[in-house]
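The block underneath contains the structure these notes are about, expressed in structure tokens.
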Amino acid sequence: MSVIKVLPPDVVELIAAGEVVERPASCIKELVENSLDAGATAISVAIEGGGLDVIRVTDNGGGMAGEDLRLAFLPHATSKLHRAQDLHLVATLGFRGEALASIARVSKITLHTRQKGAQSGMKAVNEGGQMLSIQEAAGAEGTSIVVRDLFYNAPVRRDFMKKPQREAALCAELMQQLILSRPDVAFRFTIDGRQHYSSPGDKTLEGAILAVYGLDTVKAMIRVDGAGQGLLISGVVGVGEQSRGNRSHQHFFLNGRAVRSQLLSRAVEEACRHRVMIGRYPLCVLSLQLPYEAVDVNVHPNKWEVRFQREQAVVEAVQQAVGDALQTAPLDSPPPLFEREAETVQPQVSRVEVQQPAATPHEATPPALTQEPSIQIPAPRALVARDVVSDMPPTPVRPPVIEEEVEQIHAHPVPAPSQKLVVLGVAFSTYIIAQQGERILLIDQHALHERLLFDSMMAYKDSTQPSQTLLLPQVVELDYPTHQAFLAYQEDLEQAGYEAEDFGSRAVRLMSVPIELGEPLAVRSFLDALDELRDKGNLSGKSRRERIIMASCKHAVKGGERLSDNALQELADEMTRNNTIPSCPHGRPIVLELTRRELEKRFRRIQG
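Here the numbering used here runs 3 ahead of the position in the sequence shown, where the first position is 1.
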């Protein structure tokens with residue numbers, strides 16, 4: 004008797020549906036892409052229960068005729084492809100003819116549609132892939148689809164879904180991509196009856212970025228425009244203070260399609276490597292236009308992945324465009340991306356729009372809070388004159404004679420405090436040059452200060468961190484995933500010194516920040532802590548506290564920041580007082596040592 008059996012059609016369809024509809028966010032993606040292909044200029048998306056209970060997508064697109072509505076729920080029925088050769092010239096977002104059929108197979112759908120100019124519309128009800136009814140019905144022009152009880156007939160798949168709050172956050176991240184990909188479309192996104200995103204659809208990239216990230220990010224972005232290797236590249240990039248702790252804020256759009264590409268991420272990061280700290284990633288919104296036949300979008304049913312015919316040409320074109328943009332932007336204050344927008348917006352005193360993580364506008368705070376506080380190590384001796392250097396980062400020069408003996412300069416434990424560490428100067432506004440007895444030490448000022456902050460905060464990891472109340476509480480507007488992280492970890496943040504409260508839709512009122520080494524941390528550290536917590540799933544209490552601490556340590560003095568002589572000496576003295584410091588919290592060395600004997604050997608004053 005044969006062991007192999009042909010699967011019945013209903014099982015085949017259920018398996019195929021899992022490839023297209025992985026979770027509520029993928030369901031929204033397919034439905035919105037259908038709306039865009041139908042020419043919609045206004046799209047509303049509403050979810051309940053993380054999208055597992057209800058997904059509602061309404062558009063003002065072209066709608067469907069009655070005969071097309073009957074076919075739309077069938078698998079592999081599409082108006083966008085007619086022959087195999089068309090796969091090489093796909094210009095629409097959808098093309099497989101699987102989306103609606105796959106969604107219907109694992110949910111209960113009610114669809115209303117009406118073509119432009121038609122006297123009446125149509126209504127279809129489908130449950131688990133079975134068409135229950137199709138009939139004439141009144142309705143607005145366009146299409147409205149309501150998806151209920153997603154995965155109701157696939158209990159194993161539903162059990163593997165995350166909590167509704169997390170699924171809602173994934174839907175919100177998808178909406179960010181859609182808003183940024185189509186500035187010409189007005190999007191509205193609602194979660195459990197509360198609106199969280201609304202874009203103007205005014206065809207300007209600044210309008211889309213403003214809806215997702217807020218005004219501070221808009222003003223700090225650097226415009227990118229380039230052409231080469233058969234590509235047109237446009238968009239923005241954010242470095243320095245706009246860099247992020249992960250790649251989730253890198254957005255790439257290929258011929259209008261949102262894609263994920265490590266190739267493009269690496270190209271942007273390589274172009275920005277002199278403007279972004281190690282462990283940080285540039286924020287970017289880049290749109291690439293290239294011939295349809297030069298890219299394969301038919302890699303996976305979810306259509307996130309693509310393959311380029313000429314990968315190296317794409318990499319070089321992106322690096323060139325981003326590199327040229329950064330060369331024209333000064334290090335200390337990149338030009339406003341949209342000067343017209345910046346000039347017409349009036350500052351607000353009581354409410355500050357800051358998307359995570361973004362700097363608080365100067366206009367919203369009193370003079371005492373408009374600058375990042377100086378650092379004291381220890382109190383009351385403060386690090387002063389933290390002027391950011393505006394010169395381009397120098398290219399290190401390594402003469403051959405040094406190269407031969409470079410192994411003699413090595414990472415070294417922090418010197419014992421028996422002899423005073425005397426600061427001689429600083430190289431590249433980053434490396435402190437100090438002498439202690441018969442040794443010359445090169446000290447990474449950022450790595451050292453980061454370690455000092457880390458150790459100071461870890462001393463309170465099992466208790467409440469000392470904090471300072473802000474003179475003026477800061478109202479900070481977050482994106483939806485970050486706001487959910489705040490609600491989930493509010494108690495942990497308070498123990499770490501961040502006293503804050505929910506302040507309405509996507510807003511938080513921050514009232515106090517931690518005190519470290521005698522000085523309060525900048526408000527931005529709160530945003531970095533939230534960025535570190537989001538998307539991390541179920542963390543233990545210890546892991547949550549350590550992530551908050553690591554985020555706070557990002558506010559150590561940076562390489563490229565010019566410190567006063569007193570500040571440099573204070574850092575050196577604090578290092579000798581903490582003589583067990585081995586490395587920065589990320590494992591990088593803090594000190595390199597060169598002895599007097601090694602110097603004299605290199606200058607050939609003595610024999611080996």
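Beta carbons: idealized from backbone N, C-alpha and C, even for Gly.
Bridge partners for residue i per DSSP, in chain order?
i, result
"G238", "V227 and L289"
"T598", "R442"
"K126", "H115 and Q138"
"L257", "R260 and L291"
"F190", "I46"
"D299", "R310"
"R247", "Y284"
"D152", "D152 is not bridged to any residue."
"A510", "E480"
"E33", "Looking at the DSSP assignment, E33 forms no beta bridge with any residue, so it has no partner."
"I552", "In DSSP, I552 forms no bridge with anything."
"V321", "V321 pairs with nothing; no bridge assigned."
"I435", "V429 and I446"
Should residue i go down as buried or exposed, given a rule of 16 or more other Cβ atoms within 10 Å for buried?
i, result
"H115", "buried"
"S466", "exposed"
"G632", "Look at the range of the chain in this structure, 4 to 611, and you will see that residue 632 is not part of it."
"V330", "The amino acid occupying residue 330 in the given sequence is Gln; Val does not appear at that position. Counting Cβ neighbours within 10 Å, Q330 comes out exposed, since fewer than 16 surround it."
"L536", "buried"
"H589", "exposed"
"P78", "buried"
"G563", "buried"
"I7", "exposed"
"V60", "buried"
"P11", "exposed"
"K166", "exposed"
"E453", "buried"
Does the Cβ of residue i lie closer than 6 Å to at least one heavy atom of the ligand GTP?
i, result
"E144", "The model on display carries no ligand, and the ligand GTP is accordingly not part of it."
Which same chain residues end up closer than 7 Å to residue i when comparing Cβ atoms and leaving out the 5 residues on each side of it in sequence?
i, result
"A143", "R117"
"D299", "V309 and R310"
"L571", "V426, V429 and I435"
"Q180", "H254 and A261"
"A172", "Y483, P484 and Q487"
"R263", "W307 and E308"
"S184", "F256, G259 and A261"
"E502", "S470, M514 and S515"
"R26", "M164, E170 and L173"
Can you tell me the Cβ-Cβ gap for residue i and residue j, rounded? I've got them flagged as a contact below 8 Å.
i, j, result
"E170", "G54", "6 Å"
"V478", "R512", "5 Å"
"A223", "E244", "7 Å"
"L177", "A28", "5 Å"
"D531", "T485", "Contact flag wrong, Cβ pair sits at about 11 Å."
"R73", "I137", "6 Å"
"G132", "R108", "4 Å"
"Q439", "L424", "5 Å"
"G248", "D327", "Wrong, their Cβ atoms sit about 27 Å apart, outside the cutoff."
"Q468", "A499", "5 Å"
"L234", "L293", "5 Å"
"G124", "A141", "7 Å"
Leaving out five residues before and five after residue i in sequence, what residues of the same chain have Cβ atoms less than 6 Å from its Cβ?
i, result
"S38", "I46, D62 and G64"
"A297", "Q312"
"R151", "V57 and K111"
"G145", "D62, N63, G64 and G66"
"R161", "F154"
In chain order, what residues of the same chain lie with their CB nearer than 8 Å to the CB of residue i, ignoring the 5 residues before and after it?
i, result
"P186", "S202, G204, D205, K206, T207, L208, G210 and A211"
"G231", "E319, A320, Q323 and A324"
"S508", "R197, Q198 and H199"
Query raised in the report: Does the pairing of the region 236-244 with the region 282-299 give three or more beta-carbon distances under 8 Å?
Result: Touching, yes.
Report task. Count the CB pairs spanning the region 589-598 and the region 429-445 that are closer than 8 Å, and state whether there are at least three. Result -> yes
Query - Segment contact flag, the region 194-201 with the region 269-288, C-beta cutoff 8 Å, min 3 pairs - result: no
Query raised in the report: Do the region 455-470 and the region 601-611 make contact, defined as three or more Cβ pairs closer than 8 Å?
Result: no
Query - the region 518-534 / the region 204-221 touching (three or more Cβ pairs under 8 Å) - result: no
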